[in-house]
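Visitor: In my numbering, the protein residues as written are 26 to 288. Glycine residues also receive a C-beta, built at the ideal position from the N, C-alpha and C atoms. Let me give you the structure first, and then I'll get to my questions.
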Amino acid sequence: MIVYAAIVPHATALLIESPERAEQFPTVGPAITLIAQHLYARQPDTLVFVSSHKAQAHQSCTIDHMPLPVMHMETQTGYERAELFPPDIETSAILRAASESSGEFMYANTDALDESVLVSLALLSKHLPKTRALSITTAHRDLRFHFTVGTLLEDVLTMLPARYAVLATGDLAQVPNLDASAHRARLNALQFDREFLHAVTDQRYDEALELGRARRKSVTQCLLDPAAVLFGALWSHRATPELLGYESPTGTGVAVVEFAFGV
Ligand SMILES: [Zn+2]
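Structural data, given as structure tokens:
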């Protein structure tokens with residue numbers, strides 16, 4: 026069963042513990058801490074991360090079988106890797122079987138690791154020593170496809186007795202640079218973020234996806250496909266969204282949205 030869901034950012038800057046970072050992310054930083062606490066309260070057996078950065082397959086989403094390393098936070102530019110999160114092989118196998126019987130949605134994959142999920146993993150897993158991880162990478166397909174993958178994911182996870190937290194990981198609009206000429210792009214990006222998050226918190230998921238579809242060429246963002254999967258997974262749940270934090274200090278919008286499930 027799905028016991029928890031959230032949208033969390035990729036931004037590597039979040040990993041750095043510094044006063045400057047606290048200033049840059051005054052709402053997102055505390056929001057992530059809150060999510061880590063709420064995850065602890067819900068005690069998920071498996072964290073399901075949906076991301077879009079690893080080399081994407083054209084027709085299918087992929088499921089990673091690799092153990093996921095948790096990164097340690099550092100104040101320097103680099104960060105080292107520590108404990109491994111064991112992969113949830115059983116659920117992977119069940120998802121694979123389910124997708125084979127219902128269409129070509131997902132297949133198991135064991136090669137490259139999606140580094141981008143590690144930021145969320147490091148920040149959210151501090152209190153979850155026994156939790157396993159399942160990492161799903163989105164495909165080069167449209168948002169409707171990813172929404173359908175989400176409904177399939179929900180079908181499977183709902184049948185299983187284990188407790189799952191589904192986390193769509195990614196960032197909102199990105200502006201290539203912040204010089205004066207990028208002013209219009211910056212305003213566009215901020216407007217996109219505002220409209221998208223507004224639609225999400227109103228549970229107008231169709232509208233959020235439509236917005237993403239319409240602006241896909243002009244606004245770069247890595248959250249859209251994972252968010253589409255999440256919306257599919259949430260479609261038949263009465264989970265209430267709450268925007269816990271949003272900032273765009275460096276030209277990339279980062280947001281934290283929690284979907285509260287009734288007990
Ligand atoms: Zn990203």
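Take the Cβ of L212 as the centre, count every other Cβ of all protein chains shown within 10 Å, and call the residue buried at 16 or more, exposed below.
Guide: Exposed, since its Cβ has fewer than 16 Cβ neighbours within 10 Å.
Visitor: What is the DSSP secondary structure of G276, reduced to helix, strand or coil?
Guide: coil
Visitor: Kindly identify the DSSP beta-bridge partner or partners of V53.
Guide: According to DSSP, which records beta bridges pairwise, V53 is partnered with nothing at all.
Visitor: Decide if R169 is buried, meaning its Cβ has at least 16 other Cβ atoms within 10 Å, or exposed.
Guide: Exposed.
Visitor: For the alpha helix (DSSP H) containing F172, list its first residue and its last residue.
Guide: 168-184
Visitor: Closest to R121 by C-alpha separation, out of A190, R229, L159, P266, would be which residue?
Guide: L159
Visitor: Near Y65, which residues of its chain fall below 6 Å by C-beta distance, leaving aside the five closest residues on each side in sequence?
Guide: H152
Visitor: For A285, name the three-state secondary structure that DSSP assigns.
Guide: strand
Visitor: Give the secondary structure of I41 by DSSP, where H, G and I count as helix, E and B as strand, and everything else as coil.
Guide: coil
Visitor: Grouping DSSP H, G and I as helix and E and B as strand, with all else coil, what is P251?
Guide: helix
Visitor: Under DSSP, the beta strand (DSSP E) around A233 begins and ends at which residues?
Guide: Counting along the chain, A233 falls outside any beta strand (DSSP E), though it belongs to the alpha helix (DSSP H) covering 230-240.
Visitor: Between Q228 and T163, which are expected to be in contact by the criterion C-beta below 8 Å, what is the C-beta distance as a whole number of angstroms?
Guide: So it is not a contact: roughly 22 Å between Cβ atoms.
Visitor: Hey, is the segment 240-248 in contact with the segment 175-189, meaning 3+ C-beta pairs nearer than 8 Å?
Guide: no
Visitor: Can you grab the Cα-Cα spacing for the pair Y271 / L192, in whole Å?
Guide: 16 Å
Visitor: Sorry if obvious, but does the Cβ on S145 come closer than 7 Å to a heavy atom of ligand 1?
Guide: no
Visitor: Of all residues in the structure, which have a C-beta closer than 6 Å to any heavy atom of ligand 1, taken in chain order?
Guide: H35, H78, S141, G195, D196, C247
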